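Student:
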Amino acid sequence: MRDAKLPIDDRGLAYGDGLFETVLVRDGQPLLWDYHMARLDEGVERLSLPRPDFTAFDALPAQCGPGLQVLKLMLTRGSGGRGYRPPEPGELRWRWTASPFQPSPERWFEGVAVRCCELRLGIQPRLAGIKHLARLENVLARQEWQDDSIAEGLLCDSHGDLVEATTMNLIWLRRGRLETPLLDRSGVRGTLLSALDDAVELHWVREDLDTLLEADAAWLLNSVQGVWPIRRLDDACGNPLKQWPPAVDCAIQRIAHRRLGYPLNPGD
Numbered sequence: 165m166r167d168a169k170l171p172i173d174d175r176g177l178a179y180g181d182g183l184f185e186t187v188l189v190r191d192g193q194p195l196l197w198d199y200h201m202a203r204l205d206e207g208v209e210r211l212s213l214p215r216p217d218f219t220a221f222d223a224l225p226a227q228c229g230p231g232l233q234v235l236k237l238m239l240t241r242g243s244g245g246r247g248y249r250p251p252e253p254g255e256l257r258w259r260w261t262a263s264p265f266q267p268s269p270e271r272w273f274e275g276v277a278v279r280c281c282e283l284r285l286g287i288q289p290r291l292a293g294i295k296h297l298a299r300l301e302n303v304l305a306r307q308e309w310q311d312d313s314i315a316e317g318l319l320c321d322s323h324g325d326l327v328e329a330t331t332m333n334l335i336w337l338r339r340g341r342l343e344t345p346l347l348d349r350s351g352v353r354g355t356l357l358s359a360l361d362d363a364v365e366l367h368w369v370r371e372d373l374d375t376l377l378e379a380d381a382a383w384l385l386n387s388v389q390g391v392w393p394i395r396r397l398d399d400a401c402g403n404p405l406k407q408w409p410p411a412v413d414c415a416i417q418r419i420a421h422r423r424l425g426y427p428l429n430p431g432d
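The following block contains the structure:
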């Protein structure tokens with residue numbers, strides 16, 4: 165059902181008891197659709213939600229309209245239960261909406277400034293990787309800065325290990341290897357990150373901020389925005405920690421943008 169309101173007793177609204185996906189759609193064609201549906205399927209299994217008819221979702225992208233759109237699909241456990249105790253059996257509720265989208269090409273080619281967040285992500289392996297509705301940690305982290313020149317904030321977990329940015333994944337190049345944080349304790353395994361993992365040799369590592377400062381280049385990425393090179397990293401107080409030159413060839417951006425239909429060079 166499109167844009168329908170949720171009742172006040174919906175468990176997704178009350179407890180974050182559900183999942184969502186945000187899918188880039190170009191002229192009615194979804195990008196990375198199989199990866200989105202695979203992550204949604206895993207989330208349904210992890211949360212023990214009533215299993216949806218996934219074929220019902222296949223018709224949604226064509227209803228999004230022309231041009232670039234972002235399709236948001238949300239699943240909840242529905243209503244019922246007693247307090248935190250879920251209903252047995254539950255009745256899945258799902259809603260969707262589509263919004264026009266305009267990417268930021270200057271961030272693809274000029275890079276972005278990023279800061280470190282003070283907030284630390286909690287460790288919960290059962291929720292790691294999936295895109296559940298309980299995103300309060302990300303909301304609190306995003307409240308830490310209001311400067312529009314800062315594009316994103318990097319998040320570590322409570323052990324001090326790098327995880328992700330508030331809405332994007334992180335990859336860096338160090339000693340000739342492409343590395344990305346392990347997402348087995350917290351964070352979201354993005355669909356573009358999964359697609360790149362199938363296309364190039366990514367090394368999944370558990371490392372702290374000092375490792376990132378050793379990197380020769382670093383990028384942020386997700387399936388809507390594409391790939392942003394990081395040009396400057398600041399600490400939580402705005403003090404510069406690292407600057408990267410713009411000259412590093414970005415093979416991962418070329419691969420990713422081909423998948424998303426984004427330009428490979430300025431002016432394309």
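All residue numbers for the sequence shown refer to the numbering used here, where the first residue is 165 and numbers rise by one. No residue lacks a Cβ here, since even glycine has one placed at the ideal position from N, Cα and C. Predicted model, so just to flag it, every value in this text is computed and none were measured.
1) Tell me the rounded alpha-carbon separation between Leu188 and Gln389.
2) In angstroms with no decimal places, state the Cα-to-Cα distance between Phe221 and Leu366.
3) Between Arg190 and Gly425, how many whole angstroms is the CB-CB distance? I'm expecting something under 8 Å.
4) With a CB to CB cut of under 8 Å and the five nearest residues on each side skipped, what residues in its chain are close to Ala382?
5) For Gly229, count the other beta carbons within 10 Å of its own beta carbon; 16 or more makes it buried, fewer makes it exposed. Which is it?
6) Determine the direct distance from the alpha carbon of Gln227 to that of Trp197, and round the result to whole angstroms.
7) Contact between the stretch 253–265 and the stretch 318–333: three or more CB pairs below 8 Å?
8) Just to check my reading of the structure: Ala292 and Arg349 have Cβ atoms closer than 8 Å, yes? What is that Cβ distance to the nearest angstrom?
9) In this structure, what does DSSP give as the bridge partners for Glu316?
10) Would you mind listing the alpha helix (DSSP H) stretches within the stretch 281–338 that are 4+ residues and don't spill past its ends, in chain order?
11) So which of Val276, Glu308 and Ser313 has the shortest CA-CA distance to Leu283?
12) Taking C-alpha atoms, which residue in Asn403, Leu304 and Val276 lies nearest to Arg268?
13) Between the C-alpha atoms of Ile172 and Gly182, what's the straight-line distance to the nearest angstrom?
Tutor: Answer, in terms of the structure:
1) 9 Å
2) 31 Å
3) 5 Å
4) Leu334, Ile335, Trp336, Leu337, Leu376, Pro393, Ile394, Leu397 and Trp408
5) exposed
6) 15 Å
7) no
8) 5 Å
9) Val278
10) 300–306
11) Glu308
12) Rather than Arg, the amino acid found at residue 268 in this sequence is Ser. Ranking Asn403, Leu304 and Val276 by Cα distance to Ser268 puts Val276 first.
13) 15 Å
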